[in-house]
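These notes are about the structure you will find just below.
There are 2 protein chains.
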Amino acid sequence: MSQSAEHQVAGPFPGEGAPVDARTRLVLAAVEAFAAKGFHGTTTRDIAAAAGMSPAAVYVHHRSKEELLYLISRHGHESTLRLVRAAAASKEDPAERLVAVVRAFVVHHAHGHTSARIVNYELSALSPEHQRDIADLRRRIHTEIHELVQAGVDAGVFHTSNPRMTTLALLSLQIDLARWYREEGEWSPEDIAEHYCELALRMVGAR
Amino acid sequence: MSQSAEHQVAGPFPGEGAPVDARTRLVLAAVEAFAAKGFHGTTTRDIAAAAGMSPAAVYVHHRSKEELLYLISRHGHESTLRLVRAAAASKEDPAERLVAVVRAFVVHHAHGHTSARIVNYELSALSPEHQRDIADLRRRIHTEIHELVQAGVDAGVFHTSNPRMTTLALLSLQIDLARWYREEGEWSPEDIAEHYCELALRMVGAR
Numbered sequence: 001m002s003q004s005a006e007h008q009v010a011g012p013f014p015g016e017g018a019p020v021d022a023r024t025r026l027v028l029a030a031v032e033a034f035a036a037k038g039f040h041g042t043t044t045r046d047i048a049a050a051a052g053m054s055p056a057a058v059y060v061h062h063r064s065k066e067e068l069l070y071l072i073s074r075h076g077h078e079s080t081l082r083l084v085r086a087a088a089a090s091k092e093d094p095a096e097r098l099v100a101v102v103r104a105f106v107v108h109h110a111h112g113h114t115s116a117r118i119v120n121y122e123l124s125a126l127s128p129e130h131q132r133d134i135a136d137l138r139r140r141i142h143t144e145i146h147e148l149v150q151a152g153v154d155a156g157v158f159h160t161s162n163p164r165m166t167t168l169a170l171l172s173l174q175i176d177l178a179r180w181y182r183e184e185g186e187w188s189p190e191d192i193a194e195h196y197c198e199l200a201l202r203m204v205g206a207r
Numbered sequence: 001m002s003q004s005a006e007h008q009v010a011g012p013f014p015g016e017g018a019p020v021d022a023r024t025r026l027v028l029a030a031v032e033a034f035a036a037k038g039f040h041g042t043t044t045r046d047i048a049a050a051a052g053m054s055p056a057a058v059y060v061h062h063r064s065k066e067e068l069l070y071l072i073s074r075h076g077h078e079s080t081l082r083l084v085r086a087a088a089a090s091k092e093d094p095a096e097r098l099v100a101v102v103r104a105f106v107v108h109h110a111h112g113h114t115s116a117r118i119v120n121y122e123l124s125a126l127s128p129e130h131q132r133d134i135a136d137l138r139r140r141i142h143t144e145i146h147e148l149v150q151a152g153v154d155a156g157v158f159h160t161s162n163p164r165m166t167t168l169a170l171l172s173l174q175i176d177l178a179r180w181y182r183e184e185g186e187w188s189p190e191d192i193a194e195h196y197c198e199l200a201l202r203m204v205g206a207r
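Protein chains in written order, with UniProt numbering: chain B, 1 to 207; chain X, 1 to 207.
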């Protein structure tokens, strides 16, 4: 896959006026279909119909339904990892770094809750090789947060007897958010981020 | 369904020496099959084979694959609700009540992580009527925890600006535990319960 093609697949919002290419249309149609009916409940025909294409056209652009799921999962995890790394590197103070990470993660996950749900709950539908790739990305996200928590403990500003389990709990808040968040709910992603930053600081014993 | 038949379906461990009846065998086989291949990836034939029965026999005992999923989901949510209610009623002090609830919930969810995963992630495969039943049970569990958090705030022993969002976060820890918990992991359910009680007290601002 060329760099520019990958860029087109990765971006949910193509440049204004630019035509949405067939590969991207299929990925976006697959997100909607998997979200509505689950990976196993979705046929290639469903995806093709949602993209306004013939079932045969799907195979011209993507090897299989599983490859579409893998592209969605890889993109979701890669963008989360990038965002967590950027937020963690944006400050010096461990508490400020944690707030930056939680805020970025919550807002991103709430806005992208549809694909986040697919990315989190359809992992077992991936091929073993693709599962390993995604597990590796998840470990890197986990490591970023764990190192941040540990840095706070080492600096004497966080107080937790088990930084690794606290890291898992912090990740649980983010992951499960994609399950319960509703666009029509009373709280905006920013409202949730505000409260979750407070919860995260309490969980690591920053106050 | 008679009371005694329901009891047999509900209990994962039939009395010593008692034969496991066909209905129960099918429910247990369905738990394993749904966990391994997802609801949509599982056929009635898979369930029958795992229970050592013919595909036709499934329909003698259960109307459909969806009915099996509903039984598993209803049992899972009902037992969680019972357990949360019993723990919440076991003490007077809000902090002690919260600890009792978190401990019971974590231990139960870690031990039953296989069915908890199915119960949490296959909800969309239920019929609309069954989804409403389960949503009602989930609301009751949510209400129990929310009332407990609010009681602590009212008594001046918990300090949180948003008891309802904090309740959702507490539930996220429990729900996501079923996703990441592994029996072969280094922490026992009791180890996790210990740390999660500490996290929960921090989240509600009890200390």
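Note that CB positions come from ideal geometry on N, CA and C, so glycine has one too.
Chain B beta carbons: is any one of them nearer than 9 angstroms to that of S188 (chain X)?
-> The sequence position of residue 188 (chain X) within the second sequence is 188, counting from 1. No - not a single Cβ of chain B is within 9 angstroms of the one on S188 (chain X).
Under 9 angstroms (Cβ pairs) to chain B, residues found in the segment 169 to 182 of chain X = A169, L171, S172, L173, Q174, I175, D176, L177, R179 and W180
Determine whether the Cβ of S161 (chain X) lies closer than 9 angstroms to any Cβ atom of chain B.
-> One-based indexing of the second sequence puts residue 161 (chain X) at position 161. At least one chain B Cβ lies under 9 angstroms of S161 (chain X).
With 9 angstroms set as the bound, which would you pick, yes or no: does the beta-carbon of E198 (chain B) sit closer than that to a beta-carbon of chain X?
-> Stepping through the first sequence from its first residue, residue 198 (chain B) is reached at position 198. Output row for E198 (chain B): interface = yes.
Please confirm if H108 (chain B) has its CB atom under 9 angstroms from at least one CB of chain X.
-> The residue labelled residue 108 (chain B) in the question sits at position 108 within the first sequence. Put simply, the CB of H108 (chain B) is far from chain X, with every gap to its CB atoms at 9 angstroms or more.
Which stretch, first to last residue, makes up the alpha helix (DSSP H) that contains T42 (chain X)?
-> The count along the second sequence starts at 1 and reaches residue 42 (chain X) at position 42. Counting along the chain, T42 (chain X) falls outside any alpha helix (DSSP H), and DSSP gives it neither H nor E.
Should T143 (chain B) be flagged as near chain X, meaning a C-beta pair shorter than 9 angstroms?
-> Mapped onto the first sequence, residue 143 (chain B) falls at position 143. Not an interface residue.
Within-9 angstroms CB hit, H195 (chain X) to chain B = In the second sequence, counting from the first residue as 1, residue 195 (chain X) sits at position 195. Chain B, which has a Cβ nearer than 9 angstroms to the Cβ of H195 (chain X), makes this yes.
S4 (chain B) versus V204 (chain X) - alpha carbon distance = For the purposes of this step, residue 4 (chain B) is taken as the residue at position 4 of the first sequence. For the purposes of this step, residue 204 (chain X) is taken as the residue at position 204 of the second sequence. Reliability of the predicted coordinates at S4 (chain B) is poor, the pLDDT of 40 falling under 50, and the value obtained from them is presented with this limitation in mind. So the alpha carbons of these two residues sit roughly 48 angstroms apart.
What's the gap between the Cα of L26 (chain B) and the Cα of A50 (chain B)?
-> Here residue 26 (chain B) refers to the residue found at position 26 of the first sequence. Here residue 50 (chain B) refers to the residue found at position 50 of the first sequence. Our two residues, L26 (chain B) and A50 (chain B), have alpha carbons roughly 8 angstroms apart in a direct line.
Starting from the C-beta of V99 (chain B), find all residues in its chain whose C-beta is less than 6 angstroms away, skip the five residues before and the five after it, and write them out in chain order.
-> Within the first sequence, residue 99 (chain B) is the residue found at index 99, counting from 1. Here the set comprises C197.
Look at the Cβ atom of S73 (chain X), then the Cβ atom of I118 (chain X), and state whether they are nearer than 9 angstroms.
-> As a working mapping, residue 73 (chain X) is identified with position 73 in the second sequence. As a working mapping, residue 118 (chain X) is identified with position 118 in the second sequence. Yes, these two residues count as a Cβ contact at 9 angstroms.
Does DSSP put R25 (chain B) in a helix, in a strand, or in coil?
-> Translated into positions along the first sequence, residue 25 (chain B) becomes position 25. Residue state for R25 (chain B) is assigned as helix, using DSSP reduced to three classes.
Can you tell which of X:A30, X:L83 and X:H75 has its C-alpha closest to the C-alpha of H61 (chain X)?
-> Along the second sequence, read from residue 1 onward, the residue named residue 61 (chain X) stands at position 61. Of the listed residues, the one whose Cα sits closest to H61 (chain X) is X:A30.
Residue from X:L201, X:L148, X:T166 and X:D191 with nearest C-alpha to H111 (chain X) | The residue labelled residue 111 (chain X) in the question sits at position 111 within the second sequence. Ranking X:L201, X:L148, X:T166 and X:D191 by Cα distance to H111 (chain X) puts X:D191 first.
Please report how far the alpha carbon of F158 (chain B) lies from the alpha carbon of D93 (chain B), in whole angstroms.
-> Position 158 of the first sequence, counting from 1, holds the residue named residue 158 (chain B). Position 93 of the first sequence, counting from 1, holds the residue named residue 93 (chain B). F158 (chain B) and D93 (chain B): Cα-Cα distance of roughly 11 angstroms.
Are R179 (chain B) and I175 (chain X) closer than 9 angstroms when you measure CB to CB?
-> Taking the first residue of the first sequence as 1, we reach residue 179 (chain B) at position 179. Taking the first residue of the second sequence as 1, we reach residue 175 (chain X) at position 175. Note that the C-beta distance between R179 (chain B) and I175 (chain X) is below 9 angstroms.
Starting from V157 (chain X) and walking both ways along the alpha helix (DSSP H), at which residues does that stretch end?
-> Position 157 of the second sequence, counted from the first residue, corresponds to residue 157 (chain X). Following the DSSP letters along the chain, one finds V157 (chain X) in no alpha helix (DSSP H), marked with neither H nor E.
Would you mind reading off the limits of the alpha helix (DSSP H) that contains K65 (chain B)?
-> Residue 65 (chain B) sits at position 65 when you count from the first residue of the first sequence. Start and end: K65 to A88.
Distance CB(L137 (chain X))-CB(S172 (chain B)) smaller than 9 angstroms | One-based indexing of the second sequence puts residue 137 (chain X) at position 137. One-based indexing of the first sequence puts residue 172 (chain B) at position 172. No, Cβ-Cβ distance for L137 (chain X) and S172 (chain B) is not below 9 angstroms.
For G205 (chain X), decide whether its Cβ has a neighbour in chain B, counting only Cβ atoms nearer than 9 angstroms.
-> Within the second sequence, residue 205 (chain X) is the residue found at index 205, counting from 1. With 9 angstroms as the cut-off, G205 (chain X) counts as an interface residue toward chain B.
Y59 (chain X): contacting residues in chain B (beta-carbon distance under 7 angstroms) = As a working mapping, residue 59 (chain X) is identified with position 59 in the second sequence. In chain order: nothing, as chain B lies at least about 21 angstroms away.
So does the segment 125 to 143 of chain X actually touch the segment 77 to 91 of chain B, counting three or more Cβ pairs closer than 8 angstroms?
-> no
What does I47 (chain X) reach in chain B if we use C-beta pairs closer than 9 angstroms?
-> Sequence index remark: in the second sequence, residue 47 (chain X) carries index 47 (1-based). Here the premise fails: no neighbours, minimum Cβ distance about 15 angstroms.
Would you please verify whether the beta carbon of E64 (chain B) is less than 9 angstroms from any beta carbon of chain X?
-> As a first step, residue 64 (chain B) must be located in the first sequence, where it is residue number 64. Going by the sequence as given, residue 64 (chain B) is Ser instead of Glu. No, because no Cβ of chain X sits closer than 9 angstroms to the Cβ of S64 (chain B).
Going along chain X, which residues have a C-beta under 9 angstroms from residue 235 (chain B)?
-> Shown here, chain B extends from 1 to 207; a query on residue 235 (chain B) therefore has no answer.
Can you tell me which of the three DSSP states W187 (chain B) falls into?
-> Translated into the one-based positions of the first sequence, residue 187 (chain B) becomes position 187. In the three-state reduction of the DSSP assignment, W187 (chain B) falls in the coil class, being assigned neither a helical nor a strand state.
Using CA coordinates, which residue listed in B:N162, B:A169 and B:L177 is at the minimum distance from L177 (chain X)?
-> Counting from one through the second sequence, the residue named residue 177 (chain X) turns up at place 177. It is B:A169 whose Cα lies nearest to the Cα of L177 (chain X).
Going along the segment 111 to 142 of chain X in order, which residues come within less than 9 angstroms of chain B, judged by CB to CB distance?
-> N120, Y121, E122, S124 and A125
Test: R103 (chain X) CB closer than 9 angstroms to a CB of chain B | Here the question's residue 103 (chain X) lines up with position 103 in the second sequence. Chain B, which has no Cβ nearer than 9 angstroms to the Cβ of R103 (chain X), makes this no.
Could you tell me which chain X residues have their CB closer than 9 angstroms to the CB of L40 (chain B), listed as they occur along the chain?
-> Within the first sequence, numbered from 1, the residue matching residue 40 (chain B) stands at position 40. Before going further, note that residue 40 (chain B) is His rather than Leu in the sequence given. K37, G38, F39, H40, G41 and T42, listed in chain order.
Hey, is R85 (chain B)'s beta-carbon within less than 9 angstroms of any beta-carbon in chain X?
-> By one-based count along the first sequence, residue 85 (chain B) stands at place 85. No, R85 (chain B) does not count as interfacial toward chain X.
Would you identify the three-state DSSP class for E122 (chain X), choosing helix, strand or coil?
-> Locating residue 122 (chain X) in the second sequence gives position 122, counting from the first residue. Looking at E122 (chain X) - three-state DSSP - the assignment turns out to be coil, as it is neither helix nor strand.
Thinking C-beta only, is H108 (chain B) closer than 9 angstroms to E66 (chain B)?
-> Looking up residue 66 (chain B) in the first sequence gives position 66. Looking up residue 108 (chain B) in the first sequence gives position 108. Taking 9 angstroms as the Cβ cut-off, E66 (chain B) and H108 (chain B) do not qualify as a contacting pair.
Measure from the alpha carbon of A57 (chain B) to the alpha carbon of each residue in B:G76, B:D21 and B:A33, then state which is nearest.
-> The count along the first sequence starts at 1 and reaches residue 57 (chain B) at position 57. It is B:D21.
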